[in-house]
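Note that the numbering used here gives residue 159 to position 157 of the sequence shown, counting from 1, and the numbers run on in steps of one.
Input: a single structure, listed below in structure tokens.
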Amino acid sequence: MTAEKYVKEVAKLLKCRASKKKEIKDKLLADIHSAVASGEKLEDVLAKMGIPWDYANRYNDNFDKAEQTAARREKTRKILGIVIAVLVIAGVLIYWNMPKWSDISESTVFSEETVQKTAQEIITLYGNDDYEGVVAYMTDDMKKVLNAPTLQLSKSQLATADFGDFQSFGEFYISEAKQGSKRFAMVQVGVSYTKTSITYTLTFDEEMKLAGFYIK
Numbered sequence: 003m004t005a006e007k008y009v010k011e012v013a014k015l016l017k018c019r020a021s022k023k024k025e026i027k028d029k030l031l032a033d034i035h036s037a038v039a040s041g042e043k044l045e046d047v048l049a050k051m052g053i054p055w056d057y058a059n060r061y062n063d064n065f066d067k068a069e070q071t072a073a074r075r076e077k078t079r080k081i082l083g084i085v086i087a088v089l090v091i092a093g094v095l096i097y098w099n100m101p102k103w104s105d106i107s108e109s110t111v112f113s114e115e116t117v118q119k120t121a122q123e124i125i126t127l128y129g130n131d132d133y134e135g136v137v138a139y140m141t142d143d144m145k146k147v148l149n150a151p152t153l154q155l156s157k158s159q160l161a162t163a164d165f166g167d168f169q170s171f172g173e174f175y176i177s178e179a180k181q182g183s184k185r186f187a188m189v190q191v192g193v194s195y196t197k198t199s200i201t202y203t204l205t206f207d208e209e210m211k212l213a214g215f216y217i218k
């Protein structure tokens, strides 16, 4: 094993922020190169250090709570960033493949009343922190991207995670979109709570399964 590979393996196991990992990696690599330059064999230096898991845990056991908390938050942001990126890419693909829009009242597939009622049910579940209830409405493809913990995480990252009590729904904007031979219903509505206002955008497939869920 090379010094670089050993250091990389140690870094993977460190439970700290990225900046702290870089600091430890740079120091560890410098220490190894210094020992080798002094005449020690690389394999002997690495043997004294032990396996990467043991060496990393020496640091992990000594990180204070502040560092551990910061590391968890950084990891959470990274995960959320990946999820958002996936949703953005999916949204862009849907956008470019849905060139034909029409008013929901002209639809032969969707009932405007049913779409609005289902959207209200899902939004109410989300506002009440019933994430499993929201997932139950999703298509199988959506469930691969979003689950209850991810929905909870997305809400916790909002500027106002505590919405407060529900007050009212705003005006519903509902359209039908055609993608090839498939049709989707898209709903956008603003919702007022005692502590914040949220805009929801929901997409339903022809079976009225939730195929898209976006909040801002």
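Yeah, the Cβ is synthetic: ideal placement off N, Cα and C, and Gly gets one too.
It should be emphasised that the depicted structure is a prediction, and the values quoted were computed from it without experimental measurement.
In the displayed model, S170 falls within a strand according to three-state DSSP. A direct Cα-to-Cα measurement between V12 and E6 gives close to 10 Å. Ranked by Cα distance from Q159, the first of K218, N59, L15 is K218.
Every unbroken stretch of the alpha helix (DSSP H) spanning 4 or more residues and falling wholly within the stretch 106-146 is given here in chain order: 114-129, 133-137. Nearest to E108 by alpha-carbon distance, out of T152, D167, A179, S170, is A179. S183 and A213 have their C-alpha atoms spaced approximately 16 Å apart. The Cβ-Cβ distance between V189 and A121 falls below 8 Å. Annotation: A163 is outside any alpha helix (DSSP H) and is labelled neither H nor E by DSSP. The three-state secondary structure of M3, taken from DSSP, is coil.
For E45, the enclosing alpha helix (DSSP H) begins and ends at 44-51. For S36, the uninterrupted alpha helix (DSSP H) segment begins and ends at 20-39. According to the DSSP assignment, D56 belongs to the alpha helix (DSSP H) that extends over 54-62. L16 sits in coil when the DSSP states are folded into three classes, being neither helix nor strand.
For I176 against E114, the beta-carbon gap comes to about 6 Å, under 8 Å, which counts as contact. Across the structure, G135 and F168 are spaced so that their CA atoms are roughly 17 Å apart. Here the alpha carbons of Q154 and K14 stand approximately 27 Å from one another. Among the bridge pairs identified by DSSP, E178 is matched with S104, A187. According to DSSP, L204 shares a beta bridge with V189, F215. The bridge partners DSSP lists for Y195 are F168.
Inter-residue distance for R185 and T116 is about 15 Å (C-alpha atoms, whole angstroms). A straight-line Cα-Cα distance of about 14 Å links R19 and A58.
The beta carbon of F171 is closer than 7 Å to those of Q122, V191, V193 in its chain, skipping five residues each way along the sequence.
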